[in-house]
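Below is one structure, written out as structure tokens, with a few remarks after it.
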Amino acid sequence: MNVTDLPTGIDDTAARLRAHGYLADRQLATALYLALRLQRPLFLEGEPGTGKTEIAKTVAAMLERPLIRLQCHEGLDLAGAAYEWNYPRQMIEIRLAERDAGATREQLAADLFSPRFLTQRALLQAIDPAQPLPPVLLIDELDRADEPFEAYLLEVLSDFQITIPELGTVKAAAPPIVVLTSNRTREVHDAVKRRCLYHWVGFPDADRELAILRQRVPGASEALSRQIVAFIQALRGADLFKLPGIAETIEWSRALLELDALQLDPETVNNTLACC
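In the numbering used here, the protein residues as written are 2 to 277.
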């Protein structure tokens, strides 16, 4: 990784994030700065809608790196996350070899399991030595994947490499910037967390949420923005199954702006809150 394009300190990290539309508190800016400087994966855990995914997108834009996203889900396995062999192409190659009868069995096996028959998925793409710049790898919502999948990640998180039995070990020429997120619908194994710098992303306080609205929805009036923030902050103190995140605050503000709402009243709240 070229350290010359990295932030020079915590304040510089926060300022560069802010310049790209992300208002980070000092704790998050510190965690990100250390992850970049120490070349460690950053594990972000917190409630949905608190900006965990957005931080990876912002870092990619800030450092002008490609973003590679692995969206986790139930049933995700090595073939979906790292690589798989292109079996249809291999079968075609076998048929051609049988027709021509020009290659030995050993030569055919070596050719079939060569890189040209390998389909790269997100993890392998991120550590491909041919990458011109180390990308930002976003492993999003890891808690949605099955627990056994976490074992696949350990080699990547520890050594930025993947061992392919038929080919050997593929190791990144320079470590990618890795950001993992979790909504904590289940506990992620400690073995994953130990390989990362960890940060809990909580809901913003009223002042920071208002600052975020000013930046992300500049067309909303100051009075309306303050009312929205006060309402959302009060909702988070209620006994709700799902608390609204900053993403919902922004979307609600944009919806109210589109409807030319000047202030919050019971009718406006009832008509629009469920839409966001």
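Note that CB positions come from ideal geometry on N, CA and C, so glycine has one too.
How about residue i and residue j: are their beta carbons less than 8 Å apart?
i	j	result
L155	A127	no
R186	R237	Per the sequence presented here, residue 186 reads as Thr, with Arg not at that position. Contact: no.
L119	W86	yes
E210	G50	no
V137	R66	yes
L43	L198	yes
L29	H200	yes
Q228	L181	no
R117	Y84	no
L45	L124	no
I140	V202	no
T269	A275	no
P177	P135	yes
A15	R27	yes
G10	I247	no
L143	V189	yes
E48	N184	yes
F114	L168	yes
May I ask which residues mark the beginning and end of the beta strand (DSSP E) holding residue i?
i	result
L263	It is not in any beta strand (DSSP E) - L263 carries neither H nor E in the DSSP assignment.
L24	Element bounds for L24: n/a, residue is neither H nor E.
V180	I178 to S183
R70	L68 to Q72
E268	Taken as a continuous stretch (DSSP letters only), E268 belongs to no beta strand (DSSP E), being part of the alpha helix (DSSP H) at P267 to T273.
T170	G169 to K172
Can you tell me where the alpha helix (DSSP H) holding residue i begins and where it ends?
i	result
F150	F150 to D160
V60	K53 to L64
L125	A123 to I128
L45	No alpha helix (DSSP H) contains L45, which is instead part of the beta strand (DSSP E) from L43 to G47.
Which residues in the same chain have their Cβ closer than 7 Å to the Cβ of residue i, if we skip the five residues on either side of it in sequence?
i	result
D7	Residue 7 is actually Leu in this sequence, not Asp. L37 and R38.
A224	Q264
L79	Y153
S159	R196
E55	Y23
Is DSSP giving residue i helix, strand or coil here?
i	result
E210	helix
D78	coil
L138	strand
F204	coil
E85	strand
V193	helix
E94	helix
L119	strand
L198	strand
T9	coil
T14	helix
T186	coil
Please go through the same chain and pick out, in chain order, the residues whose beta-carbon is closer than 6 Å to the beta-carbon of residue i, but skip the five residues on each side of it.
i	result
I95	none
L77	A146 and F150
A57	V137, L139 and V180
A207	V230 and Q234
S254	L214, V218, A221 and I229
P245	I233 and L236
Leaving out five residues before and five after residue i in sequence, what residues of the same chain have Cβ atoms less than 8 Å from its Cβ?
i	result
G22	T59, Q216 and R217
I251	I213, L214, R217 and V218
Q162	I128, E156, T170, V171, K172 and A173
L35	R41 and L198
S226	L211, L214, R215, V218 and S254
K243	P49
E75	R145, A146 and D147
As an exercise, report each continuous alpha helix (DSSP H) stretch of at least 4 residues that is fully enclosed by the stretch 221-256, in chain order. The stretch 221-256 contains, as complete alpha helix (DSSP H) runs of 4+ residues, the segments 223-237 (chain order).
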